[in-house]
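Okay, so here's the structure we're looking at.
Number of protein chains: 2
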Amino acid sequence: MNLRALRGHNAALVLDLLRRAGGEGVGRLELASLTGLTPQAVSKIVARLREEGLVADAGRRASTGGKPQTLLRLVPGAGYAVGVHLERDSLVAVLVDLSGVVVAERRAGVDFAGGADAVVEAAAEAVTALVSGTLVGLEAGAPGTGGCAHPFRPAEQLPTADTADTANTAVAAGERLPTAGSVVLGVGVALPGPLDHVAGVLQRVTGFPEWDGYPLRDVLASRLGLPVAVDKDTNAAALGLALGGAAESFAYLHLGTGLGAGLVLGGGLYRGARTGAGEFGHQVVQLDGPPCECGDRGCVEALCLAAVARGDLDEAARVLGTAAGNLVALLDIDLVLLGGRTVGAAEELFVRGVGAVVAERARREGARAAVGVRVAPGGDRGVAEGAAQLVLAPLFGRESAAFPANRT
Amino acid sequence: MNLRALRGHNAALVLDLLRRAGGEGVGRLELASLTGLTPQAVSKIVARLREEGLVADAGRRASTGGKPQTLLRLVPGAGYAVGVHLERDSLVAVLVDLSGVVVAERRAGVDFAGGADAVVEAAAEAVTALVSGTLVGLEAGAPGTGGCAHPFRPAEQLPTADTADTANTAVAAGERLPTAGSVVLGVGVALPGPLDHVAGVLQRVTGFPEWDGYPLRDVLASRLGLPVAVDKDTNAAALGLALGGAAESFAYLHLGTGLGAGLVLGGGLYRGARTGAGEFGHQVVQLDGPPCECGDRGCVEALCLAAVARGDLDEAARVLGTAAGNLVALLDIDLVLLGGRTVGAAEELFVRGVGAVVAERARREGARAAVGVRVAPGGDRGVAEGAAQLVLAPLFGRESAAFPANRT
DNA sequence: GCACTTTGGCAACACCGTTGCCAAAGTAGA
DNA sequence: TCTACTTTGGCAACGGTGTTGCCAAAGTGC
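Line by line, the protein sequences give chains H and F.
Numbering-wise (this note's numbering), the first sequence opens with residue -10 and increments by one.
Numbering-wise (this note's numbering), the second sequence opens with residue -10 and increments by one.
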């Protein structure tokens, strides 16, 4: 690592801490102790970031007997990213600011069977509409731009100084609004199926042989003139949850038309050697069990979806819980987040069913910390938000855990 | 990361490259391109390491039309570490040099039922005998010191300049011999059962309640006056294999009296949040299957060992292969290494049986790279060697992947 | 109003990797 | 044998990193 990389590394460290603190702000000394740097070094780094417009004051904390700390915060509007979630029949695109808050949203219908180029064109149109429609100054949510569910963070979540003098440098009302000078840093695309996230090339989109080998990243990048990152939908969702502060390590299990997982280990997304990690649906949990369409027998996905199909959701949850328990034990994690349409249809049932199996197993294994099983926040927009984080995460040094890319 | 950490980081980077190159040596320009540093920076780093005695010349490479490169190598005798493998009834201790080569070995009988202190005392005696017996100048392998299977690396593996002028600075014959001035960097201890590698405290050694909560690391460290690191046997074995150059990511499956795993992800050992990762034996692969002593049903360990008990090794391999396939798919790795007494008794059968299941699954999943299934090298000394690497790995920046310790 | 505490900027500094330059040590051709 | 030419790698000066010493600013508490 050379000096420039060192500077970037430390700046990312500071930015990530500011991002995680949200609008509340963090003091310099706190940053220093959390990063291991001296307060003076933090001051220099912050000065640079402030010059770039990424960081600003956020009021000051109450005094503890001396000069009160000046708090710092991330400037959310200093940059934006677009996240696109591609599914077989639909598309969700979101514009997200640096702090991860969704500023605008668009949805459209697509058809994978109609060919890759048509889908890419639809995605590109959604992105340009989202970006130009918002950046030109049109208010997000105005009729005709596609609508926006939550254009701004609710007022009570707006960053404000939480001490006496709020008048000082609180966030200006419109600061989160992208302006003409805003920078769109790139586009993240999340979609199902095996793919290579490094090359951004699709591999075998089930049922659509035409897509095999399609260089999605490069095609979309040259179409839009923006950097593009591509990843599996489950990976994107997991990354989004990780940056949302879910936990240091956890698994995101997505049960929709299929069953997949995204793994966050030690704060970073774990993708494995070829973006294939999180292949969860075809974990065998019943030797010589009923055949699965993949050719194997006793896969969780087959067992689980079969139970769903016959209306036995308790059994589906029990099967899913068993596989989740395997994963929890193997990776020593303490949080499982559930998502996907099938889970969404009976959230409490799945949380309770899966939680019971996992808890029972943890209890048997002894004094381990309790394992949480919850529904992943973000709803049906979670994947798109996570896709946007494919672009933003590197800014905060959160690209991935410590995997092939880092090592020579 | 501050400047001192930066220096340490880059020095570790260089040392690791030299270690991996073995006795062949590496040129400065090669180091520069591999580390991303400039040649001049490498020169400075190397100069520091040479002053500390960690690095030396290793002849020169044939000219390519200009001044020939001076090759560099690690000085194996610059430091040593002891690795101790504790089992219920026996103990293996090895003295290992910086390059990971075993210099001396001792074995002894112990009895976990006899209490923790007695076992620690036996371990401490083995360590002191190993260290003093070798360092005082006694030749390793001399009668009475416990014997040494492979005191030195075989002659053909000795580092030599592989070009014209071998006379220059090849490794002196006795250089690998520890001398009175040698430095023992610490002791690594590997043992079964749940424990906390950060605190070095045991948790529940099955069947020996007295061991629960025993602060093994601190007790042994104060007894010996040396730094001590503690970890699970499977983790140590996996770490040893990782530093031995097995692969970037792989799983080590240990089938002995129980079944466990060690996971190496992205070049580093993955321990999970509480050193619990690699809990492989109680992965459920048969829903509602036969009961396991852990209280669950259909665990791999129970199924596999039951098959072994009734002499059906093919079935044992098939069951193990299914669970291994789950792991390979989940983590997207391409190497599985098998070890342990049960595997050792029928190596080819297990390699073939597990390999068949894994390969069949990889084939069905499509164009993935071939997944290797092999026997882990190191034999019954592998765990002890890996335990020694618990001490050495940090020198080479290979402590763990990117996990809780690294993040604040 | 004075003493004290805490924050955080300024200036000088130590030390990291970088750049420019050139001696050393080889090859290739005349 | 001599003269280019190539490649290695050390020396010296440098730019920029985080660090240290110092002190002004801005509070609290008596």
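Where is the CB? At the ideal position from N, CA and C, for every residue including glycine.
Chain F residues whose Cβ lies nearer than 8 Å to that of residue i
i, result
"D285(H)", "R350 and R353"
Assigned secondary structure, residue i (DSSP; H/G/I helix, E/B strand, else coil)
i, result
"L2(H)", "helix"
"P57(H)", "coil"
"L302(H)", "helix"
"D201(F)", "coil"
"G368(H)", "helix"
"G130(F)", "Residue confidence is low: G130(F) scores 35 on pLDDT, short of 50, so the model does not pin down where it sits. No coordinate-derived value is stated."
"Q29(F)", "helix"
"R(-4)(H)", "helix"
"P383(F)", "helix"
"V187(H)", "coil"
"L292(H)", "helix"
"P280(F)", "strand"
"Q275(F)", "strand"
"L242(F)", "strand"
"V404(H)", "No answer is possible for residue 404(H): the residues shown for chain H start at -10 and end at 397."
"R307(H)", "helix"
"R39(F)", "helix"
"V64(F)", "coil"
"E388(H)", "coil"
"G314(F)", "helix"
"G48(H)", "strand"
"T155(H)", "With a pLDDT of 28 at T155(H), under the threshold of 50, the modelled position of this residue cannot be trusted, and the question is left open."
Residue interval of the alpha helix (DSSP H) (run including residue i)
i, result
"A358(F)", "Note, A358(F): premise wrong, no alpha helix (DSSP H); not H, not E."
"L18(F)", "R17 to T24"
"V347(H)", "E336 to E354"
"A227(F)", "D222 to L232"
"V332(H)", "R330 to G333"
Per-residue contacts from residue i into chain F (C-beta, under 7 Å)
i, result
"H(-2)(H)", "M(-10)"
"A(-7)(H)", "Note that residue -7(H) corresponds to Arg in the displayed sequence, not to Ala. Correct list: empty, because the minimum Cβ distance to chain F is about 11 Å."
"Q399(H)", "This structure does not reach residue 399(H), given that chain H is present from -10 up to 397, and the question cannot be answered."
"G25(H)", "N(-9)"
"R193(H)", "G355"
Interface residues of chain F facing residue i [CB-CB closer than 9 Å]
i, result
"H74(H)", "Going along chain F, no residue has its Cβ under 9 Å from H74(H), so there is no contact; the nearest lies around 22 Å."
Chain-ordered chain H contacts of residue i [CB-CB under 9 Å]
i, result
"Y203(F)", "Those do not exist, as Y203(F) stays about 14 Å from chain H at its closest Cβ, beyond 9 Å."
"R241(F)", "A quick correction: the sequence has Tyr, not Arg, at residue 241(F). Residues of chain H passing the Cβ test: none, with the nearest at roughly 13 Å."
For residue i, the first and last residue of its enclosing beta strand (DSSP E)
i, result
"A179(H)", "V173 to L180"
"S238(H)", "Element bounds for S238(H): n/a, residue is neither H nor E."
"L43(H)", "Looking at the DSSP string, L43(H) is not in any beta strand (DSSP E), and its letter there is neither H nor E."
"R96(F)", "V91 to G98"
"S88(H)", "First-last for S88(H): undefined, no H or E at that position."
"A250(H)", "L248 to L254"
"G14(F)", "Here G14(F) belongs to no beta strand (DSSP E), and DSSP marks it neither H nor E."
"L215(F)", "Note, L215(F): premise wrong, no beta strand (DSSP E); not H, not E."
"A70(H)", "Y69 to L75"
"G196(H)", "It is not in any beta strand (DSSP E) - G196(H) carries neither H nor E in the DSSP assignment."
"G257(F)", "G257 to Y259"
Chain-ordered neighbours of residue i on chain H, where CB pairs are closer than 7 Å
i, result
"H271(F)", "A318"
Within chain H, partners of residue i - CB distance below 8 Å
i, result
"I322(F)", "G261 and A262"
Which residues, in order along the region 225 to 239 of chain H, keep a beta-carbon less than 7 Å from a beta-carbon of chain F? E237 and S238
Taking Cβ-Cβ distances below 8 Å as the criterion, which residues of the region 288 to 311 of chain F are in contact with chain H? L292, V308 and T311
Short-range partners of chain F found in the region 366 to 384 of chain H, where Cβ spacing is below 7 Å: none
If the cut-off is 9 Å on Cβ atoms, which residues from the region 255 to 269 of chain F count as contacting chain H, listed in chain order? G255, G256, G257, Y259, R260, G261, A262, R263, T264, G265, A266, G267, E268 and F269
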